[in-house]
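For what it's worth, this note's numbering labels the leading residue of the sequence shown as 4, then goes sequentially. Glycine included, C-beta positions come from ideal geometry on N, C-alpha and C. Okay, so here's the structure we're looking at.
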Amino acid sequence: MASKPKQLLTELSHPGPHEVLRGNLALVGLPGVVFTPRQGLSLPAVAFGHGWLQPATRYRQLLHHLASWGVVAAAPATQTGPLPSHRLLAGDLLTTLDMITTVRLGPDGISVDPRKLGLAGHSTGGGSAVLAAAQSASTGDEGKPRVRAVATVAAAQTFPPATESAKVITAPGLHLAVEDDLVAPPVGHVDAIARNWAGPVQLRTLGKSSHLAVTEGRHWSQLLLQGKPQRGTQQLTRALFTAFFLTHLTGTDEYLPLLDADVKRAAIELTEEEPAA
4 MASKPKQLLT
14 ELSHPGPHEV
24 LRGNLALVGL
34 PGVVFTPRQG
44 LSLPAVAFGH
54 GWLQPATRYR
64 QLLHHLASWG
74 VVAAAPATQT
84 GPLPSHRLLA
94 GDLLTTLDMI
104 TTVRLGPDGI
114 SVDPRKLGLA
124 GHSTGGGSAV
134 LAAAQSASTG
144 DEGKPRVRAV
154 ATVAAAQTFP
164 PATESAKVIT
174 APGLHLAVED
184 DLVAPPVGHV
194 DAIARNWAGP
204 VQLRTLGKSS
214 HLAVTEGRHW
224 SQLLLQGKPQ
234 RGTQQLTRAL
244 FTAFFLTHLT
254 GTDEYLPLLD
264 ADVKRAAIEL
274 TEEEPAA
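Have a look at this one:
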């Protein structure tokens, strides 16, 4: 019997069956963190872009969660200053995917399948993930990893504009807006990105949530930016990201009922199933 959306949400809100290892991307040439299942070959992988002024370690539980469900998850710790280059962070996300695809990870020779790559991000890191996905989609850039799915939470506009880059991305997209975002209000940021998306796309709004709700722990940037970590937002993001990436990177249809349904505090605002003509 097929699982109901609420059951799937509960299941994916908890850690998965895999024991997780943590590594340092700096060992292969780029500052950052990587979380992997203890073992596995031809695994899916996701590179995650941090938000403005946020260290990559503020997303460690989200990355750990994805790895516990069998997805290698890495986050470069670059462009963390007050005047970051969104374009360079996008390049670092693609470099991260290239690194974890070509280097054996872990003591048991964990490997990533280059056909199962995704991008994700928060705030301007979400916008940079969109820029990176557009670079990947470019027919003139064959050396870049090919991205199969993109997920963002509280995505913010970038320079160059993520809203323009969205127009060339045919990979599936999942975009989570936050209801009370005063830093990057959805109407001019994530909503515009989702509505310009060239491929299948879904936009959800996380209720009773703020710009920094998905982050973890304390950080001085909370004195400048609106919001603070919120457990409910973190759990919803983990579950929806996990369902999305397992569906689009591994080909399973087990979690489609969750992706197709409204759930409490994560209402669907927009769904486009077919790529734009």
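CA-to-CA distance, residue j to residue i, given in whole angstroms
| i | j | result |
| --- | --- | --- |
| Leu209 | Arg268 | 5 Å |
| Ala246 | Gly230 | 26 Å |
| Ala165 | Val23 | 33 Å |
| Leu120 | Val150 | 5 Å |
| Ala29 | Asp111 | 20 Å |
| Arg90 | Thr255 | 33 Å |
| Thr274 | Phe162 | 26 Å |
| Gly124 | Val106 | 23 Å |
| Ala158 | Ala197 | 10 Å |
| Glu272 | Gln205 | 8 Å |
| Gly143 | Gly128 | For Gly143, the predicted structure reports a pLDDT of 45, less than 50, and the residue's modelled location is therefore unreliable. The matter cannot be settled from this model. |
| Leu86 | Arg61 | 19 Å |
| Leu122 | Ala174 | 10 Å |
| Phe248 | Arg63 | 17 Å |
| Arg118 | Glu14 | 26 Å |
CB of residue i within 8 Å of CB of residue j, strictly
| i | j | result |
| --- | --- | --- |
| Val217 | Gln237 | yes |
| Ser16 | Arg234 | no |
| Ile103 | Ala77 | yes |
| Leu108 | Val37 | yes |
| Ala93 | Gln138 | yes |
| Asp184 | His214 | yes |
| Ala187 | Ser88 | no |
| Leu56 | Thr98 | no |
| Lys211 | Glu182 | yes |
| Leu262 | Thr250 | yes |
Beta-carbon proximity list for residue i, same chain, < 8 Å, skipping 5 on both sides
| i | result |
| --- | --- |
| Pro58 | Ala80, Thr83 and His222 |
| Ala280 | With a pLDDT of only 40 at Ala280, under the threshold of 50, the placement of this residue in the model should not be trusted; the figure read from the coordinates follows. So the list is empty, once near-sequence residues are dropped. |
| Pro260 | Ala5, Ser6, Lys7, Pro8 and Leu11 |
| Leu199 | First, the residue type needs correcting, since residue 199 is Asn and not Leu in the sequence shown. Excluding residues within five positions, the ones whose Cβ falls inside 8 Å are Thr166, Glu167, Ala169 and Lys170. |
| Glu276 | Pro203 |
| Gly191 | Gln160 |
| Val266 | Pro8, Lys9, Leu12 and Leu239 |
| Ala65 | Correcting the residue type first, residue 65 is Leu in the shown sequence and not Ala. Once the five neighbours on either side are set aside, the close Cβ partners of Leu65 are Phe51, Ala76, Val217, Glu219, Gln237, Thr240, Arg241 and Phe244. |
| Leu228 | Trp55, Leu56, Val186, His214 and Leu215 |
Cβ shell of residue i (< 6 Å), same chain only, five flanking positions each side left out
| i | result |
| --- | --- |
| Pro232 | Thr218 and Glu219 |
| Pro189 | Ala180 |
| Asp116 | Ser45 |
| Ile113 | Thr39 and Gly43 |
| Arg41 | Glu22 and Leu24 |
| Gly73 | His21 and Pro40 |
| Ala264 | Pro8 |
Distance between beta carbons of residue j and residue i, contact taken as under 8 Å
| i | j | result |
| --- | --- | --- |
| Leu179 | Val153 | With a Cβ gap of about 12 Å, Leu179 and Val153 do not count as contacting. |
| Gly52 | Ala132 | 5 Å |
| Ile172 | Gly202 | 6 Å |
| Leu243 | Leu177 | 7 Å |
| Ala140 | Arg207 | No, Ala140 and Arg207 are not in contact; Cβ-Cβ is about 23 Å, not under 8 Å. |
| Ala48 | Val31 | Not quite, the Cβ-Cβ distance comes to about 14 Å (not below 8 Å), so this is no contact. |
Sequence-distant residues of its chain with Cβ nearer than 7 Å to residue i (five each side left out)
| i | result |
| --- | --- |
| Gln225 | Leu215 and Lys231 |
| Pro18 | His68 and Ser71 |
| Asn27 | Val36 |
Where are the beta strand (DSSP E) runs, 3 residues long or more, that stay fully inside the segment 148 to 207, in chain order? With a minimum length of 3 residues, the unbroken runs of beta strand (DSSP E) contained wholly in the segment 148 to 207 fall at 152 to 156 and 176 to 181.
Runs of 3 residues minimum, wholly inside the segment 205 to 252: which ones carry the beta strand (DSSP E) assignment? Runs of the beta strand (DSSP E) inside the segment 205 to 252: none found.
Can you give, in chain order, each stretch of the beta strand (DSSP E) that sits fully within the segment 74 to 120 and has at least 3 residues? Fully enclosed beta strand (DSSP E) runs of 3 or longer: 75 to 79.
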